[in-house]
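To start, the structure under review is shown below, and the notes come after it.
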Amino acid sequence: MNKNELDKNHDLLNWEKEYERNYPVEKFQEINNHWWLDCYNQIEHFILKNVPLNKNSEILECGCGSGNSSLRLAHKVEKVVLFDISINALECAKQLANYYNVNNVEFIKGDVFHIPFDEKQFDFCWNIGLIEHYNLIQAKEILKEMVRVTKHGGYICIGVPNFASLPILKARLLSFKPLKPLTFWVKGYRLTTEKKYNKKIIDRLLHAVSKEDGIKLTKITFGYVGSILPVETPEFIFRKINKFSTRFFNKFSFLILVIAQINHS
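Note that my numbering has the sequence shown beginning at 6, numbered continuously upward.
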């Protein structure tokens, strides 16, 4: 077994553990936590503002995880395809689809480096929280696959953690090994394999894919979404200061999103 295969097996084990949820869908953080609800609302608003989706559109989310972002868009499009290597993630997505009463969705297990669809098939192809787990070469290969399956005139979107945000700064601190004897009891997300991607790096990746694959990228739009506050912020405090802080300090928000229109030669 070569290194790439070992890495993929390790990734699969991590994803299966991450989405092993032995509790009712009503308690999923995607629909039960004020911080995450606000984050998904902002993601949805950003997508609908910058991507012209309609009742004929087909969406593919690669490395979909719970698929919550795409499922929230399902009633506005013809079809949603949720694609992930993790069986547990797809099971979470199925539960959320039932919760939202979404029927125009397909669940497919597979590898984002080999997306099993024909060229130029989807109007919108995206992922959030995926490429930061891979190095630059791997991230570029994922982007190439996304571009390949996106229609001429269609759109891709990438979302990565913002390493300037307070939630990620906290996660970095909690994952710092020398501090673990002091911070093991603190609740909250820890970084594992995440790498620091920012606007400059993503822009460079997109232009590398454009040059190598002979496609043209237009309407490139960057945005910041999510709260600047930690996930564990109590709801009453969150409600009081989140809108103000997000409005005036949005560059410190949780996620960086980039959207680009694809024009094949």
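Ideal Cβ placement from N, Cα and C applies to all residues, glycine included.
field: Best match in Lys156, Leu135, Asn55, His39 for proximity to Glu63 [C-alpha to C-alpha]
entry: The candidate whose alpha carbon is nearest that of Glu63 is Lys156.
query: Given Leu211, which residues of its chain have a CB within under 8 angstroms of its CB, disregarding the five upstream and five downstream residues?
result: Spatial neighbours of Leu211 in its own chain (CB-CB distance under 8 angstroms, excluding positions within 5 residues in sequence) are listed in chain order as Leu148, Leu222, Ile225, Val263, Ala265.
query: Under three-state DSSP, which class holds His212?
result: Three-state result, His212: helix.
- prompt: Can you give the beta carbon distance from Val281 to Leu174, rounded, assuming they're within the 8 angstroms contact cut?
  reply: What is shown of the chain runs 6 to 270, which leaves residue 281 out entirely.
query: If you scan the region 6-77 from start to end, which runs of the alpha helix (DSSP H) of 4 or more residues do you find wholly inside it?
result: Listed in chain order, they are 8-23, 34-37, 39-55, 73-76.
query: Where do the ends of the alpha helix (DSSP H) carrying Leu101 lie?
result: Residues 92-105.
query: Do Trp20 and Ala94 have their CB atoms nearer than 7 angstroms?
result: Contact: yes.
task: Would you identify the three-state DSSP class for Ala265, choosing helix, strand or coil?
output: Strand.
- prompt: Based on the DSSP secondary-structure assignment, which residues constitute the bridge partners of Tyr229?
  reply: Per DSSP, Ile261.
- request: With hydrogens ignored, establish whether the beta-carbon of Glu63 is closer than 6 angstroms to any heavy atom of the ligand NAD.
  value: Ligands in the displayed structure: none, and consequently the ligand NAD is not present.
task: Look at the alpha carbon of Pro235 and the alpha carbon of Val107, and state the distance between them as a whole number of angstroms.
output: Put simply, the backbone Cα of Pro235 is about 31 angstroms away from that of Val107.
- prompt: Counting pairs of Cβ atoms below 8 angstroms between the region 97-105 and the region 117-136, do you hit three or more?
  reply: Verdict: no, contact absent.
field: Cβ-based burial, Lys8 [other Cβ within 10 Å; buried from 16]
entry: For Lys8, the pLDDT reaches just 46, beneath the cut-off of 50, and the residue's location in the model is therefore unreliable, leaving the point undetermined.
query: Do Ile233 and Ser250 come within 7 angstroms of each other at the CB atom, strictly closer than that value?
result: It is a contact, given that the beta carbons lie within the stated cut-off.
As assigned by DSSP and simplified to three states, the class of His119: Coil, per DSSP.
query: In angstroms, rounded to a whole number, what distance separates the CA positions of Phe257 and Val30?
result: Computed Cα separation, rounded: 30 angstroms.
- request: Quick one: measure Cβ to Cβ for Val86 and Leu58, integer angstroms, because I've assumed they're closer than 8 angstroms.
  value: About 14 angstroms; that fails the 8 angstroms criterion.
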